[in-house]
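The structure appears below as structure tokens.
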Amino acid sequence: MSEIELEDISKSYGDLQAVDGVDLSVRDGELLCLLGPSGCGKSTTMRMISGLETPTAGEVYIGGDNVTDQAAYDRDTSMVFQNWALFPYKSVLENVAFGLKMRGDGSEERQQEAREMLERVHMDGYEEYSPTDLSGGQKQRVALARSLAVDPDVLLLDEPLSNLDKRLREEMEIELKDIHEEFDKTFVYVTHNQDEAFTLADRIGIMNDGRLVQVGEPSEVYRNP
Ligand code: ADP
Ligand code: ADP
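Each residue of the sequence shown is one higher than the one before, starting from 121 at the first, in the working numbering.
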């Protein structure tokens, strides 16, 4: 059970209302894209789901539990960032195994699981590489493997493909869709890219100026020509 309920959440930074009264239900197992222009509050909304930000007002529920005041590391969520956030001095394998260490698994078990996850994202053979020797797309695969390895109920992806060129982005969109279908997890995916949202999403939430202005399946929401 990993549905997410945002109840009238707001976040202000001084006089700036970054998120303004958002109500949103994300269904268990769906891939929901938050779409909107830069600065409209998508990341802030996502960070309130992860626990990296606390709402100024409103409540956050995950799997029916009120997690509004729960720390990020106590939530069953994992984030994938635009800039990968990989450890440059750890190998690819160590990067993926790191999250499992946090979970307290033994070393052998960790390495095995990390290898399997790398294989799943087509990065087997790169275990001993440094992340700094990988292309952008490969780094994002490793970041994805690291997040999936901890087996979170909810995966939060913040503009994960924005640093990639168009061809690679389209290739990764297909892979991400496959991975979402294979793993039984709820995905919330932030993007300013309309094509990406309409390709990937089960449902799209459109944000503007801190507010959620539309939610629906790709066929139901308004698409700019
Ligand atoms: P988006 O993800 O849609 O680009 P953000 O959620 O990152 O938008 O930001 C929404 C607004 O809140 C922007 O105006 C941004 O500058 C502002 N903002 C975000 N985080 C902070 C912060 N930590 N301090 C001050 N302002 C912030
Ligand atoms: P994104 O590209 O994911 O929307 P940003 O580049 O807007 O993220 O923000 C990156 C970090 O900078 C976040 O931690 C955010 O809280 C912080 N930030 C964004 N805008 C501001 C701001 N105006 N003042 C202070 N911190 C900000």
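Cβ atoms here follow ideal geometry from the backbone N, Cα and C, with glycine treated the same way.
Check: residue i C-beta below 7 Å from any heavy atom of ligand 1
i	result
SER145	no
THR311	no
PHE136	For the sequence presented, residue 136 should be read as Leu rather than Phe. Indeed, a heavy atom of ligand 1 lies less than 7 Å from the Cβ.
GLY256	no
GLY161	yes
GLY156	yes
SER176	Per the sequence shown, the amino acid found at residue 176 is Thr instead of Ser. Every heavy atom of ligand 1 is 7 Å or more from the Cβ of THR176, so no.
TYR133	yes
THR319	no
THR188	no
Residue i, enclosing alpha helix (DSSP H) - first and last residue
i	result
GLN232	227-240
ALA192	First-last for ALA192: undefined, no H or E at that position.
LEU320	314-320
ARG167	162-170
Local conformation of residue i per DSSP, three classes
i	result
TYR209	coil
LEU254	coil
LEU284	coil
GLY245	coil
GLN202	coil
VAL216	helix
ASP329	coil
VAL262	helix
ASP271	coil
Residue range of the beta strand (DSSP E) that includes residue i
i	result
GLU179	177-182
PHE307	306-311
ARG343	Per DSSP, ARG343 belongs to no beta strand (DSSP E) and is neither H nor E.
VAL274	274-278
Counterpart residues of residue i in DSSP-defined beta bridges
i	result
TYR133	LEU136
SER145	GLU125
Check: residue i C-beta below 7 Å from any heavy atom of ligand 4
i	result
THR306	Among the ligands in the structure shown, ligand 4 does not appear; only ligand 1 and ligand 2 can be found there.
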